[in-house]
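So the protein sequences, as listed, match chains D and L. Its first residue numbered 771, the first sequence is counted upward by one per residue in our numbering. Its first residue numbered 26, the second sequence is counted upward by one per residue in our numbering. Don't be surprised by glycine CBs; every beta carbon is placed ideally from N, CA and C. None of these values were measured; they are calculated from a predicted model. For reference, the structure is listed below as structure tokens.
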Amino acid sequence: GAGVSQSPSNKVTEKGKDVELRCDPISGHTALYWYRQRLGQGLEFLIYFQGNSAPDKSGLPSDRFSAERTGESVSTLTIQRTQQEDSAVYLCASSLIGVAISSYNEQFFGPGTRLTVL
Amino acid sequence: AQKVTQAQTEISVVEKEDVTLDCVYETRDTTYYLFWYKQPPSGELVFLIRRNSFDEQNEISGRYSWNFQKSTSSFNFTITASQVVDSAVYFCALSEAPGAQKLVFGQGTRLTINP
């Protein structure tokens, strides 16, 4: 079946502009995650959606960052007034959710969107 | 707070050598999960393994093996008889038990296998 898809694959923007990044999770996956990977670094958690629960926004670096998810489908990550420090690969992942320790479901990652802020 | 440390930034070996990637973690939780992911030059993250904190058995999968030791908070990854295709960045990650499943990643180890 189809994996996690993200668009665009590359985005170049000018400082101060707003950008929207899109993620299409695997069908049926109730959980969706956004991560950021700066050049040569590990992944930083940004935000997590699970069903109809309030999202976990604890990783968003500033109020310029926001994300939405429609039901259990598409999610968009919006960065307003982009800064050069926002340049990174933004990765989306999705997973099923289990509540028993034996039923942890791994996150499947998309190919990422490479954002370059000039 | 949770933290994952991969002290080796880069490793370079000759093909067929064995190589071990180190991972040390910190967590206050008694129940947690540990992961290894591979990120080849294409950039997409590939899941390799997941262990939960109650299962300290070592695991072997082909040329890959993992050593989980709670006493030293380590979850090391060994590639035996390395191959050029193993060249990638490898990430160790930690997650709490179900309910808060965001992953905390280490900085990654860039592994280069030279022919």
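Simplified DSSP assignment, three categories, for residue i
i, result
"Ser-96 of chain L", "helix"
"Gln-854 of chain D", "helix"
"Asp-794 of chain D", "strand"
"Asp-111 of chain L", "helix"
"Lys-781 of chain D", "strand"
"Lys-787 of chain D", "coil"
"Thr-105 of chain L", "coil"
"Gln-776 of chain D", "strand"
"Gln-27 of chain L", "coil"
"Lys-127 of chain L", "coil"
"Val-844 of chain D", "coil"
Sheet register partners of residue i (DSSP bridge)
i, result
"Glu-121 of chain L", "L:Tyr-57"
"Arg-834 of chain D", "DSSP output for Arg-834 of chain D lists no bridge partner at all."
"Asn-139 of chain L", "L:Val-39"
"Phe-3 of chain L", "Not covered by the structure: residue 3 of chain L. The range shown for chain L is 26 to 140."
Per-residue burial, residue i [other beta carbons within 10 Å of its own, 16 or more giving buried]
i, result
"Ser-67 of chain L", "exposed"
"Pro-745 of chain D", "Given a span of 771 to 888 for chain D in the structure shown, any question on residue 745 of chain D remains unanswerable."
"Leu-888 of chain D", "exposed"
"Leu-809 of chain D", "exposed"
"Val-109 of chain L", "exposed"
"Asp-43 of chain L", "exposed"
"Ser-120 of chain L", "buried"
"Thr-134 of chain L", "buried"
Beta-carbon proximity list for residue i, same chain, < 6 Å, skipping 5 on both sides
i, result
"Arg-851 of chain D", "Gly-786 and Arg-834"
Closer than 8 Å, Cβ to any Cβ of chain D: which residues of the segment 75-100 of chain L, in chain order?
-> Flagged, chain order: Arg-75, Asn-77 and Phe-79.
Identify each residue in the segment 810-824 of chain D for which the Cβ-Cβ distance to at least one residue of chain L is less than 7 Å, and report them in chain order.
-> Going along the segment 810-824 of chain D in chain order, one finds Gln-811, Gly-812, Leu-813, Phe-815 and Tyr-818 with a Cβ nearer than 7 Å to chain L.
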